[in-house]
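So the structure is just underneath, and the comments pick up after that.
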Amino acid sequence: MVPKNENESTRLGSALHRRSFLNGSIAAAVTATSLGGATAAQAAGAGAVLKAGAGRAVIDFPSSLLPLDGFTTVHDDLYVRILLLENGSRRVALAVLDLTSISAEAIAAMRTTIAKASGVATADIVVTVTHTFSAPHVQATSSSTAAAQYVQQITKATATAIAAAVKGLRSARVGFGTGTCDVNVNRDVLTADGWWLGTGEAGSSDKSVGVTRLDDLDGNPIAVLINYSVQSSVMMESVMTSGDLPITADLAGAAVRHVEEQYDGDAVGFFLVGSCGDQSPAFRSKRYTIDKDKKWAQVDAQDAGWLLLTVQGERLGTEAVRVSETIKTSGGGSGSTMRLLTDTVTVDTMAMGHPTGPAKTYDFTPTGTADVPIWILQLGNGAFVGVEPELSTDTALAIKKHSPFPHTAVMSMLEGGSKNMAEAQSYARITYEAMDSSYAQGSAETVAAKIGAMLHSLRG
Numbered sequence: 000m001v002p003k004n005e006n007e008s009t010r011l012g013s014a015l016h017r018r019s020f021l022n023g024s025i026a027a028a029v030t031a032t033s034l035g036g037a038t039a040a041q042a043a044g045a046g047a048v049l050k051a052g053a054g055r056a057v058i059d060f061p062s063s064l065l066p067l068d069g070f071t072t073v074h075d076d077l078y079v080r081i082l083l084l085e086n087g088s089r090r091v092a093l094a095v096l097d098l099t100s101i102s103a104e105a106i107a108a109m110r111t112t113i114a115k116a117s118g119v120a121t122a123d124i125v126v127t128v129t130h131t132f133s134a135p136h137v138q139a140t141s142s143s144t145a146a147a148q149y150v151q152q153i154t155k156a157t158a159t160a161i162a163a164a165v166k167g168l169r170s171a172r173v174g175f176g177t178g179t180c181d182v183n184v185n186r187d188v189l190t191a192d193g194w195w196l197g198t199g200e201a202g203s204s205d206k207s208v209g210v211t212r213l214d215d216l217d218g219n220p221i222a223v224l225i226n227y228s229v230q231s232s233v234m235m236e237s238v239m240t241s242g243d244l245p246i247t248a249d250l251a252g253a254a255v256r257h258v259e260e261q262y263d264g265d266a267v268g269f270f271l272v273g274s275c276g277d278q279s280p281a282f283r284s285k286r287y288t289i290d291k292d293k294k295w296a297q298v299d300a301q302d303a304g305w306l307l308l309t310v311q312g313e314r315l316g317t318e319a320v321r322v323s324e325t326i327k328t329s330g331g332g333s334g335s336t337m338r339l340l341t342d343t344v345t346v347d348t349m350a351m352g353h354p355t356g357p358a359k360t361y362d363f364t365p366t367g368t369a370d371v372p373i374w375i376l377q378l379g380n381g382a383f384v385g386v387e388p389e390l391s392t393d394t395a396l397a398i399k400k401h402s403p404f405p406h407t408a409v410m411s412m413l414e415g416g417s418k419n420m421a422e423a424q425s426y427a428r429i430t431y432e433a434m435d436s437s438y439a440q441g442s443a444e445t446v447a448a449k450i451g452a453m454l455h456s457l458r459g
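Written out as structure tokens, the structure reads:
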């Protein structure tokens, strides 16, 4: 998010419509929005050969680096995974890290490493995270020796992953599929003191599992991409009976690990976090409870929480593999358009709060405007839409509904993320997502409308 006109007075939107407002604004934008500011990677012609390569590497945490950001031990490894795509003279790289977020400084170091090893232009390198909450935050290297070492480990893993992707680059075919998995839940619940976090079974929740499979020309899988809407927070802040706070790739990592094991490690799995702003895992180790009087509390299952992680990761991974096995990849190495389109849209901003509990009243204070970057990667008949903030379910569902592509993945947390961008109803309810945001009411609807116009411009 790029702030501008910080002292400018802004207007908070007053509309409290939900899905109907989103749907209407997107439909109108398809014909009304100009794409004059958009930039796009060169699109390959129908005869260009699609190539793909994928690599992964562990982010190593030597004992000398722990404890770090409160984490004292490693339960399971965090990875850097990179997908390298080529079509004609253009290359695009997608890097996915098992992190909560990542600093601009670390992203810049990654881009330099990837560009040097692969020849991908830095503007064509897309970086995102799985949004696991059980990973140390990436701080400025100047803040401490440990922070600098951490970034070095991330960069080292990046170098290994991109080297593997370059080495494995080969002619490829692509296919898409969709499944269903019920391991997420809306996290907005009404308490006696206002809306707060919990298991909002009645709230919106997208259970769809979007799967993209890339094969070589012999039918061997190169990469399997999973798009699912959930924060990887099964073990978030869960302290073990030993007193340890473990590092884990959490739900995203468990699901991807299952996929990679099913393909004997030959394929690299990628978790593309979807509209995660209002979505928690169905079962968490340290969870919120609400009693009959709507009073809330927290309970920590501690070591027993690992079973919750194992079962939910297995379920999501199993469904991803099931869908992957039904996909018939096509293209024969040619005829698959690849294009990366980027643009920005201006939205109103407000002072971001730091909520620690529910509230019945809240002052959403305007601060100015900001430019929100948007990335869209077209790959054949599929489109991958990405933004920095955490979108909410209704926003993503509206984008998918109005997309001209038969397969559309909506992604949050690009460029390391920028907190929540809630839909209009959250501001009326004063949810956690609305308070924990620097984006004013109406921002999500504006971004969704812009995305709709961009998608239709790609389709022609």
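The sequence shown begins at 0 in numbering that gives the first Met the number 0 and counts up by one.
Even for Gly, the Cβ is constructed at its ideal location relative to N, Cα and C.
For residue i, which of the options has the nearest alpha-carbon?
{"i": "residue 65", "options": "103, 145, 82", "result": "145"}
{"i": "residue 195", "options": "357, 153, 223", "result": "357"}
{"i": "residue 329", "options": "212, 422, 138", "result": "212"}
{"i": "residue 346", "options": "431, 204, 448, 404", "result": "448"}
{"i": "residue 289", "options": "117, 190, 229, 84", "result": "190"}
{"i": "residue 182", "options": "137, 123, 283", "result": "283"}
{"i": "residue 463", "options": "79, 121, 229", "result": "With the chain represented from 0 up to 459, any question about residue 463 goes unanswered, as that position is not in the structure."}
{"i": "residue 85", "options": "336, 428, 382", "result": "336"}
{"i": "residue 318", "options": "92, 209, 430, 171", "result": "209"}
{"i": "residue 385", "options": "98, 422, 451, 379", "result": "451"}
{"i": "residue 383", "options": "368, 370, 406", "result": "406"}
{"i": "residue 163", "options": "360, 57, 456", "result": "57"}
{"i": "residue 419", "options": "434, 428, 225", "result": "434"}
{"i": "residue 188", "options": "72, 446, 432", "result": "432"}
{"i": "residue 437", "options": "108, 417, 446", "result": "417"}
{"i": "residue 285", "options": "261, 293, 321, 244", "result": "244"}
{"i": "residue 350", "options": "292, 440, 359", "result": "440"}
{"i": "residue 397", "options": "443, 279, 97", "result": "443"}
{"i": "residue 102", "options": "138, 174, 422, 142", "result": "138"}
{"i": "residue 322", "options": "225, 99, 424, 240", "result": "225"}
{"i": "residue 293", "options": "422, 192, 165", "result": "192"}
Which first and last residues belong to the alpha helix (DSSP H) in which residue i is found?
{"i": "residue 431", "result": "431-434"}
{"i": "residue 112", "result": "103-117"}
{"i": "residue 451", "result": "442-458"}
Just list the residues that DSSP pairs residue i with in beta bridges.
{"i": "residue 377", "result": "338, 382"}
{"i": "residue 420", "result": "390"}
{"i": "residue 50", "result": "85, 170"}
{"i": "residue 74", "result": "Paired residue(s): none; residue 74 is not in a bridge."}
{"i": "residue 371", "result": "344"}
{"i": "residue 90", "result": "85"}
{"i": "residue 439", "result": "None, per the DSSP bridge assignment."}
{"i": "residue 55", "result": "80"}
{"i": "residue 365", "result": "349"}
{"i": "residue 96", "result": "79, 128"}
How is the beta strand (DSSP E) around residue i delimited, first residue to last?
{"i": "residue 171", "result": "169-179"}
{"i": "residue 137", "result": "Where residue 137 is concerned, there is no enclosing beta strand (DSSP E), given that its DSSP letter is neither H nor E."}
{"i": "residue 406", "result": "406-410"}
{"i": "residue 127", "result": "124-128"}
For residue i and chain C, any beta-carbon pair shorter than 9 Å?
{"i": "residue 61", "result": "Among the chains in the structure shown there is no chain C, since it carries only a single protein chain."}
Determine, using beta-carbon pairs with one atom in the segment 333-351 and one in the segment 299-317, whether at least three such pairs fall under 8 Å.
no
Assess, as a yes-or-no matter, whether the segment 369-385 is touched by the segment 257-269 under the definition of 3 or more beta carbon pairs within less than 8 Å.
no
Below 8 Å, how does it come out for the segment 258-278 and the segment 140-156: are there three or more Cβ pairs, yes or no?
With a cut-off of 8 Å, the segment 140-156 and the segment 258-278 do not count as touching, because too few Cβ pairs lie within range.
Count the C-beta pairs between the segment 380-393 and the segment 353-364 that are closer than 8 Å, then say yes if the count reaches three, no if not.
no
As an exercise, report each continuous beta strand (DSSP E) stretch of at least 3 residues that is fully enclosed by the segment 257-337, in chain order.
For the segment 257-337, whole beta strand (DSSP E) runs of length 3 or above, ordered along the chain, are 267-272, 278-280, 285-289, 295-299.
Hey, is the segment 46-54 in contact with the segment 127-134, meaning 3+ C-beta pairs nearer than 8 Å?
no
Would you say the segment 55-65 touches the segment 120-129, given that touching needs at least three Cβ pairs under 8 Å?
no
Quick test of the definition: if touching needs 3 or more C-beta pairs under 8 Å, does the segment 241-255 touch the segment 306-321?
yes
Would you mind listing the beta strand (DSSP E) stretches within the segment 176-264 that are 3+ residues and don't spill past its ends, in chain order?
183-185, 187-190, 193-196, 207-215, 220-227
Counting Cβ pairs, one atom from each stretch, are 3 or more of them under 8 Å apart for the segment 174-187 and the segment 409-419?
Under the 8 Å Cβ criterion, the segment 174-187 does not count as touching the segment 409-419, having fewer than three qualifying pairs.
With three or more beta-carbon pairs closer than 8 Å as the criterion, would you say the segment 231-239 touches the segment 396-408?
no
So does the segment 270-282 actually touch the segment 68-75, counting three or more Cβ pairs closer than 8 Å?
Result no; under three Cβ-Cβ pairs closer than 8 Å.
Evaluate the contact criterion for the segment 152-159 versus the segment 111-121: three or more CB pairs, one atom per stretch, below 8 Å.
yes
Given 8 Å as the limit, is there contact between the segment 158-172 and the segment 72-82, that is, 3 or more CB pairs closer than that?
yes
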